[in-house]
Amino acid sequence: MTTATGKRDRVVLAYSGGLDTSVMVPWLGEKYNLDVVAFTVDLGQGEDIEKIRQKALKTGAVEAVAIDARNLFVDCFVFPALMAGALYEGKYPLATALGRPLIAKLMVDAARQHGAKAVAHGCTGKGNDQVRFDVTFQTLAPDLKIIAPVREWKMSRDESLAYASKHNIQVEATKENPFSVDLNVFGRSCEAGILEDPWVEPPSEAYAWTVDVEKTPNTPEYVTIDFLEGKPVGLNGNAMDAVPLLMELNRLGGIHGIGRIDHIENRLVGIKSREIYEAPAAVILHDSHRELESMCLSKQAQRFKTIVSQEYADMVYNGLWFSAFHQDLAAFVHSNQRFVSGQVRSKLFKGTCTAVGRKSEHSLYSKDLATYESGDQFDHEAAKGFIRLWGLGQQTQAQRQLLKDGRGFTLPGLLGPQ
Ligand code: ARG
15 MTTATGKRDR VVLAYSGGLD TSVMVPWLGE KYNLDVVAFT VDLGQGEDIE KIRQKALKTG
75 AVEAVAIDAR NLFVDCFVFP ALMAGALYEG KYPLATALGR PLIAKLMVDA ARQHGAKAVA
135 HGCTGKGNDQ VRFDVTFQTL APDLKIIAPV REWKMSRDES LAYASKHNIQ VEATKENPFS
195 VDLNVFGRSC EAGILEDPWV EPPSEAYAWT VDVEKTPNTP EYVTIDFLEG KPVGLNGNAM
255 DAVPLLMELN RLGGIHGIGR IDHIENRLVG IKSREIYEAP AAVILHDSHR ELESMCLSKQ
315 AQRFKTIVSQ EYADMVYNGL WFSAFHQDLA AFVHSNQRFV SGQVRSKLFK GTCTAVGRKS
375 EHSLYSKDLA TYESGDQFDH EAAKGFIRLW GLGQQTQAQR QLLKDGRGFT LPGLLGPQ
């Protein structure tokens, strides 16, 4: 791939600074004759992206770009998913899955800006992340060639290390992490190594954000989250920006051992895998948000929302962020959340986040109707007529079918013919 002027074509590489993506810089040159524009995004993984950018240049990238996309990530990906109640298979708050379409979109922008003809990422051929990247590239920029070196090279870790030293790539002398980890401000995903045995309890070393519950404080901590139309906007009565709010909840939740999720999940590519998630802020926020919804949504809206939540989670997990179906779901969520404003107070203690109080100016909870004490406004007389009609269908069925001709209820444990 060489242009008419003799200059090499360019590829935008999703660059983390680790061994694999560093080796890719010279490898893409040798194998594909491409110049590399290294691309690093800060989604709140707590790394120094400028340092990573410098490393990319030292490693041979012709350009290196580092972008802080934390606000964009939280405002446009994390909070919408939270408002949708999106938990994959009821458990995983989707931190990694939410980050991929954003990284891919920013890479497409960079490819345009730097006149690149290709994009490359370090995903393996077994995971969901390759799907999320490739589908996004394919959707937003079908003209760009997609290269996934790990899918095609057959290098072992030792071979990668040898390749790195041949190309003077500096590899940090840290002990090899026994796990494969991905993280951003919404959560940490950890898999492989000993975790591949689903019978083995995850060792403490698998966790980095949360304290073992045995070592958490013996006194609880209370937090109050403020929501405005479904979106978290404050903590303990103080307005707070999204990113610092997540960071603070990760810190507080972590101290109390909250947010550990051990998930045997169904990957899109047809395999079951075991992943350990740590997502203190996500767990606290999802729980508080659901509690507020129980006050502000009608019974029907609340029930229907569970279906939307599941669809939304699958859509995100399966890499279909840039779809019209997503827009349809988001339109429902937006409308559904318009009365979800108020406060939820939760108790953080010994690995659990328990809502202990909630209030909202739009609350559908009416003490006057619910109370067993004086001031009761509920019409007890009306209950009698309501129940007459409510049970009418079942009563008719019993007479015409179930109890007819001495048939009785023949299901086990129920009354047979007398
Ligand atoms: N299983 C999760 C997902 O597909 C996380 C994958 C993250 N990768 C990792 N190295 N742990 O979204």
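Per my numbering, residue 15 is the first one in the sequence shown, and the count goes up by one each step.
For every residue, glycine included, the Cβ atom is placed at its ideal position computed from N, Cα and C.
Source: prediction; values computed, not measured.
Annotation for N232: no alpha helix (DSSP H) segment contains it, and DSSP assigns it neither H nor E. Taking C-beta atoms under 8 angstroms as the contact rule, G271 and V225 qualify, at a distance of about 5 angstroms. In the DSSP assignment, the residues bridged to Q357 are D240 and K373. By the Cβ test, the segment 215 to 225 is not in contact with the segment 95 to 113, since fewer than three Cβ pairs between them sit closer than 8 angstroms. Rounded to the nearest angstrom, the gap between the Cα atoms of V257 and E228 is 29 angstroms. In the displayed model, F423 falls within coil according to three-state DSSP, outside both helix and strand.
The alpha carbon of E325 has as its nearest neighbour, out of D342, M309 and Q314, the alpha carbon of D342. Proximity of the segment 193 to 206 to the segment 288 to 302 meets the contact definition, three or more beta-carbon pairs being nearer than 8 angstroms. Here N332 has L282 as same chain residues with Cβ atoms under 6 angstroms from its own Cβ, once five neighbours each way along the sequence are excluded.
Residue nearest to V37 within the set V185, A125 and R126 is V185 (criterion: CA-CA distance). Taking 7 angstroms as the cut-off, one finds at least one heavy atom of the ligand ARG near enough to the beta carbon of T110.
Taking 8 angstroms as the cut-off, the beta carbon of G31 is found closer than this to the beta carbon of K69. A buried status is given to H135, since no fewer than 16 other beta-carbon atoms sit within 10 Å of its beta-carbon.
Taking C-beta atoms under 8 angstroms as the contact rule, V354 and C310 qualify, at a distance of about 5 angstroms. Taken in chain order, the complete alpha helix (DSSP H) segments of 4 residues or longer contained in the segment 48 to 126 are 63 to 73, 84 to 87 and 93 to 98. For D196, the enclosing beta strand (DSSP E) stretches over residues S194 to N198. Contact between the segment 163 to 172 and the segment 305 to 319 is absent, with fewer than three C-beta pairs closer than 8 angstroms. Distance from the Cα of N191 is smallest, within the candidate group A176, D419 and L33, for L33. Within the DSSP bridge table, the entry for P246 names F241 as partners.
The DSSP-derived three-state label of D276 is strand. The shortest CA-to-CA distance from L158 to any of N250, A118, F91 and L249 is the one to A118. For E292, the enclosing beta strand (DSSP E) stretches over residues K286 to E292. Our two residues, S360 and Q413, have alpha carbons roughly 50 angstroms apart in a direct line.
According to the DSSP secondary-structure assignment, L27 is paired through a beta bridge with A52 and A134.
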